[in-house]
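Here is the structure we will look at, set down as structure tokens.
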Amino acid sequence: MQTVKMVVTGPFSAGKTQFIQSVSEIDVVATERKISSDEERSVKSSTTVAMDFGRITVDEDLVLYLFGTPGQKRFDFMWEILSEGMLGFIVMVDSTRPETFREARSILETFRAYAPTPFVVAANKQDAEDAWELEDVRHALRLDKKIKLLPCVATDKNTVKTVLLELLYSILKEMDSGK
Amino acid sequence: MALRGNLRDITITQLLNLVHLASKTGTLVVDGPSEQAYISFRDGKLAYARVGREDGSLALVLHKANKINANQYRAIVDRAGQMTDKELGLLLINAGYVTQEDILLNLQGYFTEVVRRLFSWVEGIFRFENDMLPPQDRISVRLDLENIIIEGSRQLRELEQLQDEIPSLDMSLKFTERPLTNVNLSVDEWKVVKFVDPKNTLRQIANTNRLSEIEIRRIVYGLLQAGLVEMYRPVSKPVQQSPKQFPTQNKEEQKSLINKLIGRIRSL
Chain A
1 MQTVKMVVTG PFSAGKTQFI QSVSEIDVVA TERKISSDEE RSVKSSTTVA MDFGRITVDE
61 DLVLYLFGTP GQKRFDFMWE ILSEGMLGFI VMVDSTRPET FREARSILET FRAYAPTPFV
121 VAANKQDAED AWELEDVRHA LRLDKKIKLL PCVATDKNTV KTVLLELLYS ILKEMDSGK
Chain B
180 MALRGNLRDI TITQLLNLVH LASKTGTLVV DGPSEQAYIS FRDGKLAYAR VGREDGSLAL
240 VLHKANKINA NQYRAIVDRA GQMTDKELGL LLINAGYVTQ EDILLNLQGY FTEVVRRLFS
300 WVEGIFRFEN DMLPPQDRIS VRLDLENIII EGSRQLRELE QLQDEIPSLD MSLKFTERPL
360 TNVNLSVDEW KVVKFVDPKN TLRQIANTNR LSEIEIRRIV YGLLQAGLVE MYRPVSKPVQ
420 QSPKQFPTQN KEEQKSLINK LIGRIRSL
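Keeping their order, the protein sequence lines are chains A and B. Okay, so the first sequence: first residue is 1 according to this note's numbering, each after it adds one. Okay, so the second sequence: first residue is 180 according to this note's numbering, each after it adds one.
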């Protein structure tokens, strides 16, 4: 059995667990704990502390694992461990919470430093009324035009599939370019 | 036993706070990244400070503050010989070069500046020597630490924010397409811009220019915000393809694997 993995990262409450849940064939193995901080509890009641784990079986010889990183900075020691050997990574950002953009940028840079693998940025909650426009998110995150910034609704399987496919296309393109 | 440790575990601000709260008397000796600093306290108040090759003498302090010119400074160093700073101070006051207030204000300003420099040190070994007092030939002051501690805390917050923005100094910089014309840069910014090259890491640029971690981060952050440069993985650093990334090292098999994944996800 061959296994490969991709990592889904991003700030606290960006929608990483939901993203994996939408495409995983198993119930996501989540390591969630109740949130102790009042400020964070106002956003959601529990959070990932070690990792989320989803699986997509390709055939009897190949399995894709999706790992979701903990979003809270105090668990960032897990990030490097999870990034080891990844095919690529997805940075999730909550389009309705501009206060998290700076942290998303920082997480992106951190993961780029861990491994020079392809990545895409998924602007989650694009269906929300107060979601930032994609181009505004791009400016706020200071993303180069060449970086793929994709609209996403983590509860919508189709947009999640598109994000995963775009990352795979990037991986394929990089292999073709011989990098 | 003397208080000793690493700045990675206890920051300069925390140390100052400790000295302040415990009304300590003695000298904090800090071995920083490239130089050594001596900060002396009496009853929890800043008394004296010097860093690196600077001797913290009255002549040097007055020269740096432009109270005496380069020739006068040299003449004092050459001729004052064994004269203490107190004697030199009296001489200069009697000769009408400076007032007593000038001397005290400039010494306070210089000592505070030395402590400020230490705020940017995130690496280094420190020890607090209870028995070590300021050299007897120097003039010491009595400066409350509260304001310095507050300023240090502010800088610490700034450093934390800058670390969020620029988490790794192992990245390098490259110019964006925006031309560098009609841009007003400071001397320090030019020093960094001069070395912008994908081959140079931020750490290398900082070391070459003798900039601390906070200084290089602050400058680079400004250049990034202005859209003049962007972060880049250094070309000299080999791109590490983890052997675990693909179960096979054969390029064609790797491509086939990715195509299989694409097919599977499309079918979900």
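Heads up, the beta-carbon is just placed ideally off N, CA and C, and yes, glycines get one too.
Residue i - DSSP class collapsed to helix/strand/coil
| i | result |
| --- | --- |
| Lys416(B) | In this prediction, Lys416(B) scores a pLDDT of 48, lower than 50, which makes its location untrustworthy; the coordinate-derived value is nonetheless stated afterwards. In the structure shown, Lys416(B) sits in coil (DSSP, three-state: anything other than H, G, I, E or B). |
| Thr380(B) | strand |
| Glu25(A) | coil |
| Met311(B) | coil |
| Lys353(B) | strand |
| Leu195(B) | helix |
| Lys146(A) | coil |
| Asn250(B) | helix |
| Phe425(B) | coil |
| Gly88(A) | strand |
| Asp130(A) | coil |
| Lys373(B) | coil |
| Asn285(B) | helix |
| Glu214(B) | coil |
| Ala228(B) | strand |
| Tyr411(B) | strand |
| Gln261(B) | coil |
| Ser219(B) | strand |
Selection from the options that minimises the alpha carbon distance to residue i
| i | options | result |
| --- | --- | --- |
| Pro313(B) | Thr192(B), Val240(B), Tyr217(B) | Tyr217(B) |
| Arg55(A) | Ala104(A), Ser13(A), Gly88(A), Lys5(A) | Lys5(A) |
| Ile90(A) | Ser106(A), Gln18(A), Glu84(A), Val120(A) | Val120(A) |
| Trp369(B) | Lys246(B), Pro377(B), Thr355(B), Asn388(B) | Asn388(B) |
| Leu284(B) | Gly442(B), Pro426(B), Val320(B), Lys224(B) | Val320(B) |
| Lys146(A) | Leu164(A), Leu82(A), Lys173(A), Thr162(A) | Lys173(A) |
Spatial distance of residue i from residue j (CA atoms)
| i | j | result |
| --- | --- | --- |
| Glu25(A) | Val160(A) | 14 angstroms |
| Gln419(B) | Pro116(A) | The predicted model places Gln419(B) with a pLDDT of 47, which falls under 50 and marks its position as unreliable, so this point remains unresolved. |
| Gln315(B) | Asp188(B) | 33 angstroms |
| Gln126(A) | Glu133(A) | 8 angstroms |
| Leu322(B) | Asn250(B) | 31 angstroms |
| Lys260(A) | Glu431(B) | Nothing about residue 260(A) can be reported from this structure: the residues present for chain A run from 1 to 179 only. |
| Arg295(B) | Ile327(B) | 8 angstroms |
| Thr380(B) | Thr110(A) | 15 angstroms |
| Leu501(B) | Glu103(A) | Outside the shown range of chain B, which is 180 to 447, sits residue 501(B), and nothing can be said about it. |
| Ile304(B) | Leu62(A) | 51 angstroms |
| Leu352(B) | Arg253(B) | 43 angstroms |
Per-residue contacts from residue i into chain A (C-beta, under 9 angstroms)
| i | result |
| --- | --- |
| Met311(B) | Those within 9 angstroms of Met311(B) in chain A number zero; the least Cβ separation is about 39 angstroms. |
| Arg445(B) | Lys161, Leu165 |
7 angstroms Cβ cut-off: residues of chain A touching residue i
| i | result |
| --- | --- |
| Met410(B) | Glu109 |
Listed by chain order, chain A residues near residue i by CB distance under 8 angstroms
| i | result |
| --- | --- |
| Ile441(B) | Leu165, Leu168, Tyr169, Leu172 |
Under 8 angstroms from the C-beta of residue i: neighbouring residues of chain B
| i | result |
| --- | --- |
| Ser13(A) | Neighbours of Ser13(A) on chain B: none; closest Cβ ~17 angstroms, over 8 angstroms. |
| Val23(A) | Ile444, Leu447 |
Chain-ordered chain B contacts of residue i [CB-CB under 7 angstroms]
| i | result |
| --- | --- |
| Gln2(A) | Pro426 |
| Asp27(A) | Ordered by position in chain B, no residue passes the 7 angstroms Cβ test against Asp27(A), which lies about 16 angstroms from the chain. |
| Asp127(A) | Simply none; closest approach about 20 angstroms. |
Under 9 angstroms from the C-beta of residue i: neighbouring residues of chain B
| i | result |
| --- | --- |
| Thr112(A) | Just to set this straight, residue 112(A) is Arg in the shown sequence, not Thr. Under the 9 angstroms cutoff, chain B gives Ser347, Met350, Met410, Arg412. |
| Ser106(A) | Gln342, Asp343, Glu344, Ile345, Pro346 |
| Ile20(A) | Going along chain B, no residue has its Cβ under 9 angstroms from Ile20(A), so there is no contact; the nearest lies around 13 angstroms. |
Taking any Cβ of chain A, which residues in the stretch 340-355 of chain B have a Cβ under 8 angstroms from it, in chain order? Asp343, Glu344, Ile345, Pro346, Ser347, Asp349, Met350
For the stretch 381-408 of chain B, which residues have a CB atom closer than 8 angstroms to at least one CB atom of chain A, in sequence order? Leu403
Members of the stretch 423-436 of chain B near chain C, C-beta cut-off 8 angstroms: No chain C is present in this structure, whose protein chains are A and B.
The stretch 76-104 of chain A: positions lying closer than 8 angstroms to chain B by Cβ: Glu84, Gly85, Met86, Leu87, Arg102, Glu103
Between the stretch 131-156 of chain A and chain B, which residues of the former have a C-beta closer than 9 angstroms to a C-beta of the latter? Listed by position, the residues of the stretch 131-156 of chain A near chain B (Cβ gap below 9 angstroms) are Arg142, Asp144.
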